[in-house]
Ligand SMILES: *Cc1c(COP(=O)(O)O)cnc(C)c1O
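This is the structure:
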């Protein structure tokens with residue numbers, strides 16, 4: 002009666018011993034600035050719902066209307082019979098918003114990254130990739146079987162050296178980076194990377210998951226933020242974070258998009274979004290253009306909360322965006338801080354190795370446009386109190 006999966010239970014026991022075992026928090030309300038998890042009302046600093054669009058009345062209504070008219074499912078993958086007019090309209094809407102030729106929507110940002118990198122490269126090719134790039138980029142790189150060259154985080158000179166070494170070698174080159182890094186909240190040095198890519202004839206690809214709806218005019222992302230229009234060949238965005246719904250997209254030339262229609266495996270082999278998802282995403286882009294004050298509020302809240310954490314004496318690392326880590330060192334401490342915060346009515350996730358390096362464990366906070374000043378003051382007060390109690394803060 003030997004259980005061939007017994008090793009899994011042993012691993013779980015070891016995680017419990019180390020204090021890094023994580024139970025899933027269960028959300029029992031809407032995903033909003035104040036929400037109910039596991040029977041407790043808390044200030045939610047753990048969502049990617051930057052602009053509060055998960056509950057926006059226009060998105061809600063668009064989803065309901067699309068469901069009434071078109072049902073709940075698309076019935077097939079895009080290439081068989083699952084391309085609905087709503088999917089085409091959404092792609093055109095995003096392309097117009099991003100001022101690019103064309104756009105393809107995927108089921109998730111993860112699928113967009115993994116599917117695209119794997120589709121456009123072959124084992125003869127080379128990828129030059131920031132060491133902190135998102136898991137979906139790493140998986141896409143592995144799936145492509147191209148040769149992977151990792152450069153130190155945000156080290157433009159190292160990226161350029163690697164590209165220079167590859168000059169004259171067979172195969173294509175792809176330079177790839179997150180626009181905003183999800184664990185530290187810092188922004189990629191895009192102007193320098195774009196220049197390096199241009200100098201060495203590399204394809205430039207940017208994953209704007211945490212910058213879509215956050216950076217650039219009306220949330221157009223890091224390419225707009227830095228004024229690099231026309232110089233990034235593959236722009237990835239997500240519909241699951243600031244947009245408030247679900248999905249991912251790739252923007253670029255018409256040829257890139259049509260190629261992905263033919264070769265991106267999640268596009269070919271996984272069913273397309275339900276009508277409600279496509280319709281509510283479209284409504285979200287209208288909201289980005291009609292309600293820029295949401296982005297303004299997001300940044301006001303970001304500055305206020307970050308300043309409050311720093312003034313209290315917390316180490317917030319190198320964050321430049323609404324993602325603000327509170328770095329505490331050991332994973333056990335991060336999880337203890339997260340648990341204590343929750344007891345006091347604040348939800349912020351503890352994150353340790355291997356998601357972040359050993360010794361850099363943290364509690365990650367993300368404020369949104371819909372947090373009130375009172376929410377933020379209360380959260381800061383709890384952070385200070387719990388930080389002192391756990392010995393993370395002096396005094
Ligand atoms: C969240 C995230 C993704 C994945 O997006 P989903 O739409 O949630 O699948 C991809 N890249 C980065 C950098 C992310 O932070």
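In my numbering, the protein residues as written are 2 to 396. Glycine included, each C-beta is placed from N, C-alpha and C at the ideal position.
field: Nearest-angstrom Cα separation, counted from residue 77 out to residue 270
entry: 9 angstroms
query: Can residue 354 be considered in contact with ligand 1, in the sense that its beta carbon sits closer than 7 angstroms to one or more heavy atoms?
result: no
field: Contact between the region 283-299 and the region 142-156 (3+ Cβ pairs under 8 angstroms)
entry: no
field: Beta-carbon proximity list for residue 363, same chain, < 7 angstroms, skipping 5 on both sides
entry: 326, 327, 328, 329, 335, 352, 357
- prompt: Does ligand 1 have a heavy atom nearer than 7 angstroms to the CB of residue 179?
  reply: yes
message: Please return the same chain residues whose Cβ sits closer than 6 angstroms to the Cβ of residue 141, not counting the five positions on each side in sequence.
response: 114, 115, 118, 119
- request: Mind listing, in chain order, the continuous alpha helix (DSSP H) runs of no fewer than 4 residues lying wholly within the region 110-146?
  value: 110-121, 136-145
query: Looking at the unbroken beta strand (DSSP E) that takes in residue 156, where does it start and where does it end?
result: From DSSP, residue 156 is part of no beta strand (DSSP E); its letter is neither H nor E.
query: Cβ of residue 135 within 8 angstroms of Cβ of residue 208?
result: yes
field: Inter-residue spacing [alpha-carbon to alpha-carbon] between residue 228 and residue 182
entry: 19 angstroms
task: Could you tell me if residue 81 is buried or exposed, where buried requires 16 or more neighbouring beta carbons within 10 angstroms of its beta carbon?
output: exposed
- prompt: Can you tell which of 174, 388, 75 has its C-alpha closest to the C-alpha of residue 124?
  reply: 174
- prompt: Considering only residues of the same chain and omitting the five flanking positions on each side of residue 27, which have a CB-CB separation below 7 angstroms?
  reply: 38, 39
query: Taking C-beta to C-beta, are residue 309 and residue 381 nearer than 8 angstroms?
result: yes
message: Within 10 Å of its beta-carbon, does residue 302 have 16 or more other beta-carbons around it, so buried, or fewer, so exposed?
response: buried
task: Assign residue 1 to buried or exposed, taking buried as 16 or more other Cβ atoms, counted over all protein chains shown, within 10 Å of its Cβ.
output: Only positions 2 to 396 of the chain appear in the structure, and residue 1 is not among them; the question remains open.
field: residue 131 Cβ short of 7 angstroms to ligand 1 heavy atom set
entry: no
- prompt: By DSSP, does residue 70 sit in helix, in strand, or in coil?
  reply: helix
message: One question on the structure: do residue 273 and residue 63 come within less than 8 angstroms of each other, judged by their Cβ atoms?
response: no
- request: Could you tell me whether the Cβ atoms of residue 74 and residue 275 are closer together than 8 angstroms?
  value: yes
message: Just checking residue 123 against ligand 1 - is the residue's beta carbon closer than 7 angstroms to any of the ligand's heavy atoms?
response: no
- prompt: Cβ of residue 239 versus every heavy atom of ligand 1: is any distance shorter than 7 angstroms?
  reply: yes
field: residue 320 and residue 187 closer than 8 angstroms at C-beta
entry: yes
message: Check this for me: beta carbons of residue 190 and residue 239, under 8 angstroms apart or not?
response: no
Selection from 160, 322, 254, 324 that minimises the alpha carbon distance to residue 102: 254
field: Identity of the residue in 387, 47, 9 nearest residue 366 by Cα
entry: 47
query: Taking just the CA atoms, how far does residue 279 sit from residue 106?
result: 9 angstroms
field: DSSP-derived helix/strand/coil call for residue 12
entry: helix
Boundaries (first-last residue) of the beta strand (DSSP E) holding residue 1: Only positions 2 to 396 of the chain appear in this structure, which leaves residue 1 out of reach.
message: Just to confirm the assignment, what range does the alpha helix (DSSP H) spanning residue 29 have?
response: Looking at the DSSP string, residue 29 is not in any alpha helix (DSSP H), and its letter there is neither H nor E.
- prompt: Is residue 45 helix, strand or coil by DSSP?
  reply: strand
query: Is it right to say residue 131 is buried, meaning 16 or more other beta carbons lie within 10 angstroms of its own, or is it exposed?
result: buried
task: Mark residue 348 as exposed unless 16 or more other C-beta atoms lie within 10 angstroms of its C-beta, in which case mark it buried.
output: buried
- prompt: Would you call the CB atoms of residue 176 and residue 198 closer than 8 angstroms?
  reply: yes
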